[in-house]
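Chemist: Under the numbering used here, read the sequence shown as residues 11 to 480, first letter to last. Glycine is no exception: its CB is placed at the ideal position from the N, C-alpha and C atoms. Please read all numbers here as calculations on a predicted model, not as lab measurements.
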Amino acid sequence: MRQGDALDRKKNASPGLAGGKASSLMVGLDAMKSRIMPQDGLKEKDKIAKLPGQPDGVDFLQYGGYITVDEKAGRALYYYFAEAPDAASRPLLLWLNGGPGCSSIGYGAMEELGPFRVMSDGKTLFRNPYAWNNVANVLFLESPAGVGFSYSNTTADYQMSGDSRSAEDAYVFLVNWLGRFAEYKTRDFYIAGESYAGHYVPQLAHNIYHFNQLPGVTVINLKGIAIGNAVINDLTDEKGMYDFFWTHAFTSDQNHETIKRNCDFTFSGGTDGDACQAALAEASAVFYDVDIYNIYGPLCFDGNLTRVPKTTSIYDFDPCSDYYVQSYLNDPAVQEALHANVTRLDYPWSACSSDLPAWLDSTSTVLPLLQEFMANGWRVWVYSGDTDGRVPVTSSRYSVDALELPVKAPWRPWSAVDEVGGYSITYKGDLTLATVRGAGHEVPSFQAQRSLVLIQAFLEGKPLPDYIVE
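Right, dumping it as structure tokens:
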């Protein structure tokens with residue numbers, strides 16, 4: 011299963027509260043406070059001495075471990091934390107992957123923006139020179155319970171996954187984590203993520219906004235959010251995907267016209283008619299023909315590990331990387347070094363979980379939350395790799411357009427190392443929409459250097475660098 015494949019889980023989910031508001035607020039103040047536990051002395055126990063296969067010359071600290079988010083249920087979430095070399099002067103960034111049900115360690119840390127990538131032997135790591143911990147202290151969270159190394163001792167918890175539970179647990183995790191790493195309590199804080207984290211990130215941010223206004227809680231210094239190739243608004247997301255298929259020659263003119271004629275991608279309309287469904291099914295055949303997450307990239311035809319690691323380049327993403335990471339994170343020595351799998355789960359680690367059979371609630375849109383953040387003065391960036399076909403750039407554009415915001419800075423190319431890194435537009439309210447040229451669904455996997463330029467500009471509150479033709 012790939013990140014995004016699990017989006018079908020949400021089709022049968024409850025829509026949550028109308029308009030995407032506050033469906034994440036399941037827990038009251040007193041109940042939340044009862045789940046905040048003492049963290050004294052636990053930070054040093056989480057320090058990672060060295061990962062198996064790690065290259066020499068590592069100049070930053072790493073931590074890994076568990077935060078209990080519900081002591082009664084025995085529910086605990088796993089994290090991996092890569093500090094910046096100059097940690098004291100850098101902000102804190104939380105990274106969340108999507109799915110729902112996919113791992114921020116397997117994807118985010120090991121295939122995208124983390125400090126290391128796994129080589130083809132499944133044992134050896136190499137440095138990512140464009141890791142985001144060059145510019146931030148990056149915290150990766152496997153969420154919800156049942157994803158990756160995160161677990162619950164109450165089996166029924168795996169039947170209760172959804173937007174609300176995920177946002178609730180992520181907030182409790184974060185407050186407890188800040189108790190363990192107290193030096194970050196007042197640090198500028200940002201949340202970023204991709205795919206279905208287009209829900210996770212805004213809903214966690216909304217919980218932070220809500221609880222920050224209540225007495226006796228840890229005030230989290232949230233400054234902004236960034237979401238990439240993100241599930242934002244169901245109907246514009248869906249329309250954007252099918253328009254992308256047509257504009258990229260995956261579907262015929264006739265199929266496109268049938269979709270336009272029979273599918274009403276509006277909240278007052280619907281996409282349930284037989285003619286519409288047949289046309290959408292015909293268009294969706296592209297899922298089986300190419301890598302829908304990176305439409306111009308090669309497929310993995312041989313996921314077998316090699317005895318000797320193949321020559322690897324950060325500029326040439328290996329489509330078989332999922333297999334290398336799967337092998338690495340299932341190595342008992344690696345798990346011991348990461349302080350992971352301490353309960354000896356009865357299933358292997360996997361990038362996307364098959365142990366979440368249902369998704370109970372999924373809001374149809376997070377646009378009202380983005381409006382809430384802009385009204386609160388938070389920075390909001392929506393970025394999109396332009397070769398992703400699953401949640402493509404057209405979906406991102408249509409979703410942002412639905413906000414009907416006045417333009418502050420018009421559409422323009424931005425620069426990464428003297429090349430066009432992508433295009434961007436900024437709206438009043440401090441919302442930026444940026445594309446990343448040549449990147450698929452997991453932007454840092456395919457364009458690591460461009461992704462670093464983008465996230466650094468976001469963190470510094472600066473526009474993306476201008477592309478100037480000399």
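Which residues in the same chain as Phe183 place their Cβ atom closer than 8 Å to its Cβ, once the five residues preceding and following it in sequence are excluded?
Modeler: Taken in chain order, the residues that qualify are Ile77, Val79, Leu87, Tyr89, Leu151, Ser153.
Chemist: Can you tell me whether Val318 is helix, strand or coil according to DSSP?
Modeler: Val318 falls in the coil class under three-state DSSP.
Chemist: How far does the beta strand (DSSP E) with Val503 in it reach, from first residue to last?
Modeler: Residue 503 lies beyond the range of the chain shown here (11 to 480); nothing can be said about it.
Chemist: May I ask you to list the residues that DSSP assigns as paired with Tyr433?
Modeler: Tyr433 pairs with Pro423.
Chemist: Please confirm whether Gly84 and Leu366 have their CB atoms less than 8 Å apart.
Modeler: Cβ distance not < 8 Å, so Gly84 and Leu366 don't count as in contact.
Chemist: Could you round the C-beta distance between Gly250 and Arg137 to whole angstroms and report it? I think they count as a contact, below 8 Å.
Modeler: Rounded, the Cβ-Cβ distance is 36 Å, inconsistent with contact.
Chemist: Return helix, strand or coil for Ser33, following the three-state DSSP convention.
Modeler: Note that Ser33 has pLDDT 46, beneath the 50 cutoff, so the model's placement of it is unreliable and no number is given.
Chemist: Return the first residue and the last residue of the beta strand (DSSP E) that Arg137 is part of.
Modeler: It spans 135-137 - the beta strand (DSSP E) in which Arg137 sits, taken as one unbroken run.
Chemist: Three-state secondary structure (DSSP) at Leu87?
Modeler: Strand, per DSSP.
Chemist: Look at the alpha carbon of Ile305 and the alpha carbon of Leu39, and state the distance between them as a whole number of angstroms.
Modeler: Looking at the two C-alpha atoms, the distance is approximately 46 Å.
Chemist: Between Ala350, Tyr325, Arg317, which has its C-alpha nearest Tyr334's C-alpha?
Modeler: The shortest Cα separation from Tyr334 among Ala350, Tyr325, Arg317 belongs to Arg317.
Chemist: Please go through the same chain and pick out, in chain order, the residues whose beta-carbon is closer than 7 Å to the beta-carbon of Ile58, but skip the five residues on each side of it.
Modeler: If we look at Ile58 and ignore the five residues flanking it on each side, its Cβ neighbours are Gln72, Tyr73, Gly74, Ala347, Leu348.
Chemist: Buried or exposed, going by whether 16 or more other CB atoms sit within 10 Å of the CB of Thr268?
Modeler: Buried, because 16 or more other Cβ atoms sit within 10 Å of the Cβ of Thr268.
Chemist: Can you check whether the CB of Asn272 is closer than 8 Å to the CB of Ala291?
Modeler: No, the Cβ-Cβ distance between Ala291 and Asn272 is not below 8 Å.
Chemist: Name the residue from Asp167, Ser44, Arg45, Asp56 whose alpha carbon lies nearest to the alpha carbon of Val352.
Modeler: Looking at the Cα atoms, Asp56 is the closest of the given residues.
Chemist: Return the first residue and the last residue of the beta strand (DSSP E) that Arg460 is part of.
Modeler: Counting along the chain, Arg460 falls outside any beta strand (DSSP E), though it belongs to the alpha helix (DSSP H) covering 458-470.
Chemist: Is it buried or exposed, Tyr325, if we count other Cβ atoms within 10 angstroms and call 16 or more buried?
Modeler: It counts as exposed.
Chemist: Suppose contacts are defined by Cβ-Cβ distances below 8 Å. Is Glu382 in contact with His216 by that definition?
Modeler: A contact, by the Cβ cut-off of 8 Å.
Chemist: For Asp253, which residues of its own chain have a beta-carbon under 7 Å away from its beta-carbon, when the five flanking residues on both sides are left out?
Modeler: Only Thr404 meet the Cβ criterion.
Chemist: Alpha carbon to alpha carbon, how far is Glu178 from Leu214? Give it in angstroms, no decimals.
Modeler: Spanning the two alpha carbons is a distance of roughly 7 Å.
Chemist: How many Å lie between Asp356 and Phe159 at the Cα?
Modeler: Between Asp356 and Phe159, the C-alpha separation is close to 11 Å.
Chemist: Could you say which of Tyr117, Val128, Leu149, Gly189 lies nearest to Arg45 if we only look at CA atoms?
Modeler: That would be Gly189, whose Cα lies nearest to the Cα of Arg45.
Chemist: Near Gly132, which residues of its chain fall below 7 Å by C-beta distance, leaving aside the five closest residues on each side in sequence?
Modeler: Contacts found: Leu315, Tyr334, Ser337, Tyr338.
Chemist: Going along the chain, which unbroken runs of the alpha helix (DSSP H) with 4 or more residues stay wholly within the region 39-68?
Modeler: Correct list: 39-43, 52-55.
Chemist: Grab the span of the alpha helix (DSSP H) containing Trp187 for me, first residue to last.
Modeler: Segment 173-190, the alpha helix (DSSP H) holding Trp187.
Chemist: Is the region 98-109 touching the region 219-229 in the sense that three or more CB pairs, one from each, lie closer than 8 Å?
Modeler: With the cut-off at 8 Å, the region 219-229 and the region 98-109 do not touch.
Chemist: What are the start and end residues of each continuous beta strand (DSSP E) run of 3 or more residues lying completely inside the region 216-247, in chain order?
Modeler: Within the region 216-247, the complete beta strand (DSSP E) runs of at least 3 residues are 232-238.
Chemist: Grab me the residues of Val568's own chain with a C-beta within less than 6 Å of its C-beta, minus the 5 sequence neighbours each way, in chain order.
Modeler: Only positions 11 to 480 of the chain appear in this structure, which leaves residue 568 out of reach.
Chemist: How far does the alpha helix (DSSP H) with Tyr200 in it extend, from its first residue to its last?
Modeler: Per DSSP, Tyr200 belongs to no alpha helix (DSSP H); it is in the beta strand (DSSP E), 199-204.
Chemist: Quick one, are the C-beta atoms of Ser455 and Glu121 less than 8 Å apart?
Modeler: Yes, Cβ-Cβ distance for Ser455 and Glu121 is below 8 Å.
Chemist: Do Val145 and Gln466 count as a contact pair if the criterion is CB distance below 8 Å?
Modeler: In contact: Gln466 and Val145 (Cβ atoms closer than 8 Å).
Chemist: Taking Tyr393 as part of the alpha helix (DSSP H), name the residues at either end of that continuous run.
Modeler: Segment 389-395 is the beta strand (DSSP E) holding Tyr393; no alpha helix (DSSP H) there.
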